[in-house]
Amino acid sequence: MTAADRIALSEPLLGGNELAYLRECVESNFVSSAGPFVNDFEIKFAERVHSRHAVACASGTAALHVAMRIAGAGPGKLIAVSDFTFIASANAVSYTGADLLLVDSEQQTWNMNTELLYDDVCRRARLGRRIPDIVEVVHVLGHPADIEPLFELRSRFGIRLIEDAAEAHGARWRAGMVEGCQVGTVGDLGCFSFNGNKLITSGSGGMVVSNDAAAARRTRHLVNQAKSSEHGYVHDEIGYNYRMSNIAAAVGLAQLEQLDSFLLRKRTMAEQYDRLLASAPLRRPPRANWASPSHWLYSVLLRGQNNRVADVVHELNERGIQGRRLWPPLHRQRPYESCERLGGVVAEDLYQNGLSLPSSLGITSEEQGRVVTRLCNVLAHDGPQQKHAPESETQP
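Under numbering that gives the first Met the number 0, the residue at position 200 of the sequence shown is numbered 199, and the numbers go up by one with no gaps.
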């Protein structure tokens, strides 16, 4: 089998103004962090998600780190984080020296169980125990989280709210207090990623959005090494070299222009998989009636397979299908084994039985048919099972 025959997990689709904008960068000699595309990308992104302010960063992880700083994370602070997420969500907290409280997922959407967290915080408050200073809620795999219980925590206890929307560009709520709102825009700060495997990409990059002008100003300050003077090397606090390059912003802007068509492609892909997998022994992706997800990665839970997801992923890859296991819960990761946590059973089930299927923007119906045929053949295989080590996690 040639590389061209393989069906990739999540490849970008570069068919818009990317080349034209990159040529403009080169011809103008603006290839670093100074250049008009950065400002244009920030303005257009803020407009697209209906946020007042947006600040571009070098990566989604950088965006989360700066957002944590803005929200007040640091030594002695407690941050509640989804247990089931890519490790960058937790690392951004650890960079600040804060402690983590890992919160299990709920079955309906696989996102943070916000009702569980709400009940726990109320119990802690009654007992005079430490409560979280910040909640970082992840919109897992592009599905909006049940966020309204977190508004009540913010109102009652002053807890700050950061949205990790790295996987959920364009996803929104369809009901409740946040009806019509896009993810990333209803917390104190929202963070997006433009990694190469995301719905839109800038190669590598991220964005912090906020409706708070002061928060946006300080975000920009920290991203730019905390320079306190336009001229000279004067800095008033510890900052970071987290600026996005003009080249990355040029690609990101061209991708943003195609976001609506990309969301349609993803929805069509998900509907096709739904039809093809209707009778397969698995649970299809969650889709709450109050949410409009982005369908970033089409992910399923195997049922009746005796926790053989590692074998299934291995066999798919052997047959030219790039499947991937879902993330291990953070409580399984060595840096976070000793963290306090709420539950963990659902996150464990997602890891033991979950996998993502090829979900590239350019995937064809014929390729989806091949994926499903080979997956069903693997699931029907009754031969001896081999144990394979979990895949290394190199990107979310």
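The C-beta atom is built at its ideal place from N, Cα and C for all residues, glycine as well.
Rounded straight-line distance, which links the Cα of residue j to that of residue i
i    : j    : result
R128 : D4   : 57 Å
R242 : E229 : 16 Å
F40  : N376 : 45 Å
G189 : H49  : 12 Å
S293 : V139 : 10 Å
A287 : W172 : 10 Å
E270 : P11  : 20 Å
R68  : S93  : 11 Å
E392 : V308 : With a pLDDT of only 40 at E392, under 50, the local geometry of the prediction cannot be trusted, and the value read off the model is given with reservation. Each residue's Cα considered, the two are about 16 Å apart.
A346 : M268 : 26 Å
R333 : Q181 : 34 Å
T84  : P328 : 7 Å
A279 : L315 : 16 Å
G205 : T60  : 7 Å
R323 : G342 : 25 Å
H64  : H313 : 34 Å
L354 : W289 : 24 Å
I320 : F191 : 28 Å
A66  : Y350 : 28 Å
A215 : L276 : 44 Å
A97  : V80  : 12 Å
E23  : Q257 : 19 Å
V137 : V25  : 36 Å
L115 : Y239 : 35 Å
Option in the options with minimal Cα separation from residue i
i    : options                : result
S9   : T200, T60, I246, F83   : T200
W295 : L263, A253, L99, M111  : L263
A19  : M206, L252, G71        : L252
A70  : L221, A279, E365       : L221
R122 : A97, F156, P74         : F156
I300 : L281, P148, G231, N194 : Note that residue 300 is Leu in the sequence shown, not Ile. Measuring from the Cα of L300, the nearest candidate turns out to be L281.
G15  : A66, T108, D259        : D259
E105 : G75, S227, I146        : I146
D396 : D348, F44, G75         : Here the chain comprises residues numbered 0 to 395, so residue 396 is not present and cannot be evaluated.
Where residue i sits in the DSSP three-state scheme
i    : result
I161 : strand
E17  : helix
I69  : helix
R282 : strand
D381 : Only weak support is given to the placement of D381: the predicted model assigns it a pLDDT of 48, under 50, and the value that follows is read from those uncertain coordinates. Residue state, collapsed to three classes: coil.
R217 : helix
N56  : With the sequence shown as reference, residue 56 is identified as Cys, and Asn is not the correct amino acid for it. It is a strand residue.
K265 : helix
G353 : strand
K226 : strand
L8   : coil
A290 : strand
H396 : Only positions 0 to 395 of the chain appear in the structure, and residue 396 is not among them; the question remains open.
G342 : coil
I199 : coil
N194 : strand
M243 : coil
R274 : helix
I320 : strand
R171 : strand
L301 : strand
S50  : coil
G204 : coil
G183 : coil
Exposed unless 16 or more other CB atoms sit within 10 angstroms - verdict on residue i
i    : result
S209 : buried
I42  : exposed
R340 : buried
I237 : exposed
G141 : buried
V233 : exposed
S27  : exposed
L126 : exposed
Q385 : Per-residue confidence for Q385 stands at a pLDDT of 45, beneath the threshold of 50, marking its modelled position as unreliable; no derived number is given.
M111 : buried
P357 : buried
D132 : buried
R274 : exposed
P74  : exposed
D235 : exposed
Residue i at chain B interface by Cβ criterion, 9 Å
i    : result
P280 : Going by chain labels, chain B is absent from the structure shown, which holds only one protein chain.
Residue ranges of each alpha helix (DSSP H) run of no fewer than 4 residues wholly in the stretch 79-114, ordered along the chain? Counting whole runs of 4 or more residues, the stretch 79-114 contains the alpha helix (DSSP H) stretches 87-93.
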